[in-house]
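Chains as they are written, first to last, in full-length UniProt numbering: chain A, 1 to 193; chain B, 1 to 193. Idealized CB from N, CA, C, for every residue including glycine. The model shown is predicted, which means the values in this text are computed figures rather than measured ones. Comments concern the structure below.
Protein chains: 2
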Amino acid sequence: MTKEAIIDQISDTYAPLSAACKEQLAGHATLLPLHKNTLLVKEGEYADSTYYIVKGCARAYYLREGKDISDWFAFEGEFISSIVSFFTQRPSPHYIELLEDCILLELSRDHIEKVSGQFHDFEHLVRIVVTQTMLRLQEKISSLQFYTARQKYENILAIRPNITQRVALTHIASYLGISLETLSRIRNPRNRI
Amino acid sequence: MTKEAIIDQISDTYAPLSAACKEQLAGHATLLPLHKNTLLVKEGEYADSTYYIVKGCARAYYLREGKDISDWFAFEGEFISSIVSFFTQRPSPHYIELLEDCILLELSRDHIEKVSGQFHDFEHLVRIVVTQTMLRLQEKISSLQFYTARQKYENILAIRPNITQRVALTHIASYLGISLETLSRIRNPRNRI
DNA sequence: CGAAAATTTGATCGAAGTCAATCATTGTGG
DNA sequence: CCACAATGATTGACTTCGATCAAATTTTCG
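Quick look at the structure:
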């Protein structure tokens, strides 16, 4: 898949871009085929890029007191970055790790800002992507505040039915804010009432 | 304070706007002096406006199984709306309530979309506001996932030292995802160790 | 195949929730 | 402008969900 085809896909998914804008974007985007377990960003680093996932999946996670806590998963057609570092230019609190072999399109903040300033349609696209992310975060907050461990798990299954085939249970558990053991018990049909 | 002065303030706070853009914005914005306890939005309604708070403060809350759970507070210089309904055009899961007598500037979605399409600088401003909101939501998620009840409370005090003077403890407790009783115990100095 | 990683299962514990009963503050109608 | 009802906050007793610790079992992969 060429960079141009990927940018067409992004334009089709999120918001239409002019030919001139697509060309500008393609100019400074980098296609990255990378292996599973690659760390795109480490804690403390400055994350100056965001990544569009063409193929594969990735997660953002924290290490807190030795514990690995997943904060975000992204799959084909989505973006992933250390949002705190990318948008505030502070050191990243997150690691970003590939959960499968991936094909990514890397876009630097400088490039995004430049093209945003130049093309109204790209500024619009960025706004759309950020808005969608904001709404997903809002969803996650509702899930953390209202649901029991079991409901949280059923909720994520409703949104991503086959996540268990692609993401380790440890990561799903910490993403849901529950322990691995609790998730395991929830999944055991004997414990259903 | 005139609408024009308020829009200057928004422009100064978030991102610079051209004179022509400010004029367009002022044209369709409405200045609303409203009383404490007014509901701007009720559950189930379509929230077609966002509100810039010139003076006062407000909250978004859910009613779930008879329980009142605060989801968001906004003060002077910030925007408030039922973000889910405003951005997805679905019925609002939230109520929006004024916690003090307020002066608000109301902006409709239609108007925001129209001016965004017309003025690149306003599209940029909207992007900035949404990005800031997204980052605040991310902060809130970290707080819900990592902190004990006491840490969450200390955290919000660090961000908004005088929130307890303006917002009822019930609302703060439900916002933090803890019970009112637990918050009360945390605040009692005898229980500090 | 075997070592390491992932998951399951079991036993125990604790932070915070719930229920219930005051105590304090606020705002309104007489 | 006070009284008292309504709302908000505190305190106490008890319970529970899910965490933690520990060990066994299953899966993955070099």
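In the DSSP assignment, Ser143 of chain B falls outside any beta strand (DSSP E) and lies within the alpha helix (DSSP H) extending over His120 to Phe146. If you check each beta-carbon in the stretch 130-150 of chain A against every beta-carbon of chain B, the ones closer than 7 angstroms belong to Val130, Thr131, Thr133, Met134, Leu135, Leu137, Gln138, Lys140, Ile141, Leu144, Gln145 and Phe146.
The beta carbon of Thr38 of chain A sits closer than 6 angstroms to those of Leu98, all from its chain and outside the five residues before and after it, given in chain order.
For Arg127 of chain A, the nearest beta carbon of chain B is closer than 9 angstroms to its own beta carbon.
Inter-residue distance for Glu23 of chain B and Glu4 of chain B is about 8 angstroms (C-alpha atoms, whole angstroms). Using a CB distance cut-off of 9 angstroms, Ser49 of chain B does not count as an interface residue toward chain A.
Per DSSP, Glu78 of chain A has no beta bridge partner at all. Within the UniProt domain "Cyclic nucleotide-binding" (13-115) of chain B, the alpha helix (DSSP H) runs of at least 4 residues that lie entirely inside it are, in chain order, 19-28 and 83-88. Boundaries of the alpha helix (DSSP H) around Ala173 of chain A: Leu169 to Leu176.
With a contact defined as Cβ atoms closer than 8 angstroms, Leu144 of chain A and Tyr14 of chain A miss out at about 27 angstroms. Interface residue (Cβ-Cβ distance to chain B less than 9 angstroms): Phe73 of chain A is not classified as such.
Under the 8 angstroms Cβ criterion, the stretch 82-91 of chain B counts as touching the stretch 127-136 of chain A, having at least three qualifying pairs.
Ser11 of chain A sits in a helix when the DSSP states are folded into three classes. Exposure of His35 of chain A is indicated by the presence of fewer than 16 other C-beta atoms within 10 angstroms of its C-beta. In the three-state reduction of the DSSP assignment, Thr182 of chain A falls in the helix class, which pools H, G and I. Among the residues facing chain B, Arg59 of chain A is not included, as its CB has no counterpart in that chain under 9 angstroms away.
For Glu181 of chain A, not one C-beta of chain B is nearer than 9 angstroms to its own C-beta. Arg190 of chain B: not part of any alpha helix (DSSP H); DSSP gives it neither H nor E.
Boundaries cannot be given for Arg160 of chain B, as no alpha helix (DSSP H) includes it and DSSP labels it neither H nor E. DSSP places Thr164 of chain B in the helix class (H, G or I) of the three-state scheme.
Contact between Glu139 of chain A and Pro93 of chain A fails: their C-beta atoms lie close to 21 angstroms from each other, not under 8 angstroms. Between Asp121 of chain A and Cys21 of chain A, the CB-CB gap stays under 9 angstroms. Residues of chain B whose Cβ lies closer than 7 angstroms to the Cβ of Ile159 of chain A do not exist, since the nearest Cβ in that chain is about 15 angstroms away.
Using a CB distance cut-off of 9 angstroms, Gly44 of chain B does not count as an interface residue toward chain A. For Arg185 of chain A, no CB of chain B lies under 9 angstroms from its own CB, so it is not counted at the interface with that chain.
If you draw a straight line from the Cα of Leu169 of chain B to the Cα of Ile69 of chain A, it comes to about 30 angstroms. Close partners of Thr88 of chain A in chain B (Cβ separation under 8 angstroms): Leu135. One alpha carbon belongs to His171 of chain B, the other to Ser142 of chain B, and they sit about 19 angstroms apart. Segment contact: the stretch 49-60 of chain B against the stretch 155-162 of chain B, fewer than three CB-CB distances shorter than 8 angstroms; contact not assigned. With a threshold of 16 other beta carbon atoms within 10 Å, Ser179 of chain A falls short and is exposed.
Val115 of chain B places its beta carbon 9 angstroms or farther from that of Leu32 of chain B. Against chain A, a Cβ distance below 8 angstroms from Glu100 of chain B picks out nothing, because the smallest value is about 25 angstroms.
Look at Gly66 of chain B: its C-beta is not under 9 angstroms from any C-beta on chain A. C-alpha of Gln165 of chain B to C-alpha of Lys67 of chain A: approximately 37 angstroms in a straight line. Using a Cβ-Cβ cut-off of 9 angstroms, Ser81 of chain B does not count as an interface residue toward chain A, since no Cβ of chain A sits closer than that to its own.
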